[in-house]
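Residue numbering for the sequence shown follows my numbering, beginning at 3 and increasing consecutively. Built from N, CA and C at the ideal position, the CB exists for glycine as well.
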Amino acid sequence: MLAVEGTCLGMPLSRPLGDGVWELRINLHPKDIRITYWFPGHDRVVLSTVFRKTRDAETAQVRRAKQAQKVCEAEHDTDQIISVIESPEGS
């Protein structure tokens, strides 16, 4: 779904965290899992961090995801980042 919808995926499956970082929201009751990601280009997505959703840890985990994006962008040419999820043909 992320490959097809991109930034239009929206709640309840995805939400923006700010600074171009998003989270996939996976509910595996009783544990809620988050996978952070960002788009270095219109046809690419980088899956960045994974964490278990807890009220106490959320702020630190969002900060960690944003920092991971900055490090990745600083250390890699975003034009050379390999697509992790490719859109289906014709999308």
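Backbone secondary structure at residue i - three-state DSSP
i   : result
K8  : The sequence shown places Gly at residue 8, rather than the Lys named in the question. Note: G8 maps to helix in three-state DSSP.
K55 : coil
M13 : coil
L19 : strand
CB contact flag (residue i, residue j, <7 Å)
i   : j   : result
K68 : R54 : no
S50 : A70 : yes
E25 : T9  : no
V64 : L19 : yes
L15 : R27 : yes
W40 : V52 : no
Beta-bridge pairing of residue i - partner residues as DSSP gives them
i   : result
L30 : K33
V48 : W40
E25 : R17 and T38
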